[in-house]
Amino acid sequence: MDYLRSNENLFVRLDPGEELHESLQEVARVEGIGAAAVTSGIGRVENALMGHLDAQGAYQQNMLIGPVELLSMQGNIASLNGEPFTHLHVVVSDDEHIVHGGHLFEARVTVTAEIHMRVLGGRITDRFMHRCEIIGSDFVALEFDK
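The opening position of the sequence shown corresponds to residue 43 in our numbering, with each subsequent residue numbered one higher.
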């Protein structure tokens, strides 16, 4: 992994074997980032564990075995119990150009991943924007203290 920060902009390059969530959380820890918007991500990943939240509030997961092209990634970083928490959604394409999308639980880089994050400051920090559990649901929502 390598990255470059310029004020509020952070560009990250991930290398083969690195996991998307773990890597972005590590960057947030090292850089002292309490809140950020993940604005774009492209690259090649494998074994993408994706899913969606069903009507009962439970995540339904599906593993895409093998490599896929990471066409788009967005999300955010906020604090959960004092640690960086990444919430990522992706659109990927398999080698037959069939597109899949949804909430990303896990994926490892096979070639590279190039990611842009916008660090949020002012009142939008981990003091005012963090994650909270929703009773009866697997979802961990954003919560704002005003």
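C-beta: ideal position from N, C-alpha, C; glycine also. Note that this is a predicted model, so its numbers are computed, not measured.
Checklist line | Proximity below 8 Å, CB of Ala-78 to CB of Asn-118 | finding: Against a cut-off of 8 Å, the Cβ pair of Asn-118 and Ala-78 comes out as a contact.
Next item on the list: At 4 residues or longer, and completely inside the region 72-113: list those alpha helix (DSSP H) runs for me, N to C.
Entry: List check, alpha helix (DSSP H) in window: nothing returned.
Checklist line | Separation of Gln-98 from Val-69, as counted between CA atoms | finding: Take the alpha-carbon of Val-69 and the one of Gln-98: they are about 34 Å apart.
Check: Taking DSSP as the reference, what is the three-state secondary structure of His-139?
Finding: Collapsing the DSSP output to three states places His-139 in coil.
Margin query: By the three-class DSSP mapping on this structure, what secondary structure does Leu-146 have?
Written below: Reduced to three states, the DSSP call for Leu-146 is strand.
Next item on the list: State the beta-bridge partners of Thr-128 as determined by DSSP.
Entry: In the DSSP output, where bridge partners are listed per residue, Thr-128 has Ile-119.
Check: Do you know offhand how far Gly-163's Cα is from Gly-74's?
Finding: When rounded, the distance between both Cα atoms is 11 Å.
Check: Is it a yes or a no for the region 53-67 touching the region 99-108, going by three-plus beta-carbon pairs under 8 Å?
Finding: No contact exists between the region 53-67 and the region 99-108.
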